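Asker: Each residue of the sequence shown is one higher than the one before, counting from 1 in the working numbering.
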Amino acid sequence: MPPLLQDVEFADGPAIANIHTSGFFNDPFQQTLFPYMSFEEQLAGMTDRWLSDYTLFWKKVMDTESGNTVGYSKWAFGFTDAGGVRERPSDIPDVVEIETSSTPKGRNDAFAEDFAKKVTEVRNRVLGERPQLQLKGLAVLPWHQRRGVGTWLAWATELADEKGLTC
């Protein structure tokens with residue numbers, strides 16, 4: 001059966017954190033960003049921070065045979081109202097507070113800040129203030145990679161074309 005693209009829901013937080021941590025734990029960038037942190041520590045941190053990013057536009061790919069989430073992507077609109085105003089998602093329980101993102105424990109701040117500065121400089125130089133749809137994250141479970149899941153997560157390229165946005 002083919003994969004299924006769906007909106008991410010509040011309850012998907014732990015699965016998203018697991019996909020991200022599983023997909024990037026052994027990556028040299030991730031190891032530089034979070035040196036000396038175990039898989040469990042990175043997973044716990046990602047799970048704790050998940051909600052601060054939940055107001056972005058998220059999609060997930062479900063494996064229709066197992067029913068498991070196997071990949072995700074998150075996107076943000078820049079210099080446009082094409083995406084509308086992102087309100088508090090309706091599936092977050094009222095008792096849950098959305099806090100702004102904080103600096104993750106154990107992060108190599110000097111590396112993170114230098115990298116973010118360079119990315120921002122390049123994006124500003126290349127894209128300026130043109131209306132855009134920005135990929136903020138994409139990950140696929142390692143054992144589902146090279147099966148087309150990432151292609152399903154690139155749904156935003158069609159949306160960008162429809163709205164006349166740089167993507």
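Cβ atoms here follow ideal geometry from the backbone N, Cα and C, with glycine treated the same way. Please read these numbers as outputs of a predicted model, since none were measured by experiment.
Express the C-alpha separation of residue 37 and residue 27 in angstroms, rounding to a whole number.
Answerer: Each residue's alpha carbon lies about 13 Å from the other.
Asker: Can you name, in chain order, every residue of its own chain whose Cβ lies under 6 Å from the Cβ of residue 152, other than the five neighbours on each side?
Answerer: 3, 5 and 61, listed in sequence order.
Asker: Would you mind reading off the limits of the beta strand (DSSP E) that contains residue 7?
Answerer: Residue 7 -> beta strand (DSSP E) spans 4-7.
Asker: By the three-class DSSP mapping on this structure, what secondary structure does residue 62 have?
Answerer: Note: residue 62 maps to strand in three-state DSSP.
Asker: To the nearest whole angstrom, what separates the beta carbons of residue 34 and residue 106, a pair I think is in contact under 8 Å?
Answerer: Yes, they are in contact, since the Cβ atoms of residue 34 and residue 106 sit about 5 Å apart, within 8 Å.
Asker: Looking at the C-beta of residue 24, does it have a partner C-beta in chain D at a distance below 8 Å?
Answerer: No chain D appears in this structure, which consists of one protein chain only.
Asker: From 81, 30, 122 and 54, pick the residue whose C-alpha is nearest to that of residue 169; which is it?
Answerer: Only positions 1 to 167 of the chain appear in the structure, and residue 169 is not among them; the question remains open.
Asker: CA-CA distance, residue 56 and residue 111?
Answerer: Approximately 24 Å, taken between the alpha carbons.
Asker: Compute the Euclidean distance between the alpha carbons of residue 171 and residue 52, then round it to the nearest angstrom.
Answerer: An answer regarding residue 171 cannot be provided, because it is not within the stretch 1 to 167 covered by the chain.
Asker: Rounded to whole angstroms, what's the CA-CA distance from residue 77 to residue 133? Just pull it up for me.
Answerer: If you take the alpha carbons of residue 77 and residue 133, they lie about 5 Å apart.
Asker: Residue 14: which of 49, 32 and 93 sits nearest, CA to CA?
Answerer: Here the closest residue by C-alpha is 49.
Asker: Since residue 116 is in the alpha helix (DSSP H), which residue starts that stretch and which ends it?
Answerer: That run of the alpha helix (DSSP H) goes 109-127.
Asker: For residue 129, which residues from the same chain have a beta carbon less than 6 Å from its beta carbon, with the 5 sequence-adjacent residues on both sides left out?
Answerer: So the qualifying residues of the chain are 79.
Asker: Between the alpha carbons of residue 9 and residue 126, how many angstroms are there, rounded?
Answerer: Roughly 33 Å between the two C-alpha positions.
Asker: Tell me, please, which residues DSSP counts as bridged to residue 75.
Answerer: 57 and 135.
Asker: Compute the distance between the beta-carbons of residue 140 and residue 23, then report whether it is under 8 Å.
Answerer: Yes, Cβ-Cβ distance for residue 140 and residue 23 is below 8 Å.
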